[in-house]
Amino acid sequence: MATITAISQPFVTECEGIICTSSSVLEPETNAAGKKIWESAGKKWFTAFPVTLSEKAESQKSDGEIFAFLDRMQSRFGKHCLIYVSFGSVTWPAETDKLFAVLETLVKNDTPFILAHPDVPELPTDIRSLIDGSEIAMALSWAPQQEILAHKVTGWFMTHGGWNSTQEGIMARVPMIFWPYSADQPVNAGILVLNHKAALELIEVRTTEWGQRKPYRELEVPPTYTTKAVRAEVGRLLERLKGPGGQVVRENALALGDKVNKLWEQDGESRKELLDFLSTFCS
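Using the working numbering, the first residue of the sequence shown is number 1, and each one after it goes up by one.
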């Protein structure tokens, strides 16, 4: 983040305004402060959120095969039973043994999931064997994420918390389980977990000295960051997802999604901000 800040500084100094890919719905205090600071410097502050495109790429499996799996899981387990797991198109957990612990715990608890993973590196053998040997799991090197999130069987979205995935999770009204690595991801997780109570976050999966510092969210004892601890945390998480605590998070995610999906409507904030931008710089 320090590098990004240093690179962007000359542009921030010379520009006449900024378009922030956020909204007062998501970050009311931050956007109010940003607008005040920029306007005090004689610059314009605009917001545009969400900003995402429809998917056009093709999956390694046919859409028919993917949606047949989703339908099958819904028939067997009911709606909101599946966890969609994706860490973006280029990123991957640094400690794959912890990912294996998470996925194995899902299988042991009869929790269906789809794992979307990048082509490089190849999926570790133990994870591939686990998924191929299970009737309730599927692995894809590319997945139609928006369509999977829109399916009624998808109950939770386990994500690294990149901004694109975070936007799509909110728009689909699917509560997220964050596994952030770096950059803006911990902040994105904090916004959804702490401010909106519309998501959850895994703690025992953290790595590096910086990542393993406080806060530990709701853990009653300091984390140990072992695979054993990861299994235990995911076990507790699955119980929570099925109980009143999980329902509260889901309801909050639904409410937030409803608000966000209105931002581009005729009187929505994002539409008004874009029109303001166009009238200011393009008229």
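Glycine is no exception: its CB is placed at the ideal position from the N, C-alpha and C atoms.
As assigned by DSSP and simplified to three states, the class of residue i
{"i": "Leu278", "result": "helix"}
{"i": "Glu201", "result": "strand"}
{"i": "Gly17", "result": "strand"}
{"i": "Ser102", "result": "A small correction: the amino acid at residue 102 is Val; Ser does not occupy that position in the sequence shown. DSSP places Val102 in helix when its eight states are reduced to three."}
{"i": "Thr207", "result": "coil"}
{"i": "Asn195", "result": "helix"}
{"i": "Ser8", "result": "helix"}
{"i": "Pro143", "result": "Correcting the residue type first, residue 143 is Ala in the shown sequence and not Pro. Correct three-state label for Ala143: coil."}
{"i": "Ala183", "result": "coil"}
{"i": "Gly162", "result": "coil"}
{"i": "Glu309", "result": "Beyond the ends of the chain as shown, which are 1 and 283, falls residue 309; an answer cannot be given."}
{"i": "Thr3", "result": "helix"}
{"i": "Lys108", "result": "helix"}
{"i": "Glu95", "result": "coil"}
{"i": "Glu251", "result": "helix"}
{"i": "Asp119", "result": "coil"}
{"i": "Ser129", "result": "helix"}
{"i": "Asn188", "result": "helix"}
{"i": "Lys152", "result": "coil"}
{"i": "Lys259", "result": "helix"}
Exposure of residue i, with buried meaning 16 or more beta-carbon neighbours within 10 Å
{"i": "Trp210", "result": "exposed"}
{"i": "Ala57", "result": "Since pLDDT at Ala57 reaches only 48, below the 50 mark, its modelled position is unreliable, and the value read off the structure follows with that caveat. So Ala57 counts as exposed."}
{"i": "Pro222", "result": "exposed"}
{"i": "Ile7", "result": "exposed"}
{"i": "Lys108", "result": "exposed"}
{"i": "Gly169", "result": "buried"}
{"i": "Phe11", "result": "exposed"}
{"i": "Ser75", "result": "exposed"}
{"i": "Thr111", "result": "buried"}
{"i": "Gln266", "result": "exposed"}
{"i": "Ile148", "result": "buried"}
{"i": "Phe281", "result": "exposed"}
{"i": "Leu254", "result": "exposed"}
{"i": "Ile4", "result": "exposed"}
{"i": "Gln167", "result": "buried"}
Residues that residue i bridges to, as DSSP identifies them
{"i": "Met138", "result": "Ile114"}
{"i": "Phe157", "result": "Tyr84, Met176"}
Nearest-angstrom Cβ-Cβ length linking residue i and residue j, presumed shorter than 8 Å
{"i": "Ile83", "j": "Gly155", "result": "7 Å"}
{"i": "Ala143", "j": "Ser86", "result": "7 Å"}
{"i": "Thr47", "j": "Cys20", "result": "5 Å"}
{"i": "Val230", "j": "Val102", "result": "6 Å"}
Beta carbon proximity, residue i to chain D, threshold 7 Å
{"i": "Ser75", "result": "Included in the structure is just one protein chain, with no chain D present."}
Q. Which ranges would you report for the alpha helix (DSSP H) in the stretch 23 to 90 if only whole runs of at least 4 residues count?
A. 28 to 40, 63 to 77
Q: Let me know the alpha helix (DSSP H) ranges lying completely inside the stretch 209 to 249, each 4 residues or longer, listed in chain order.
A: 227 to 242
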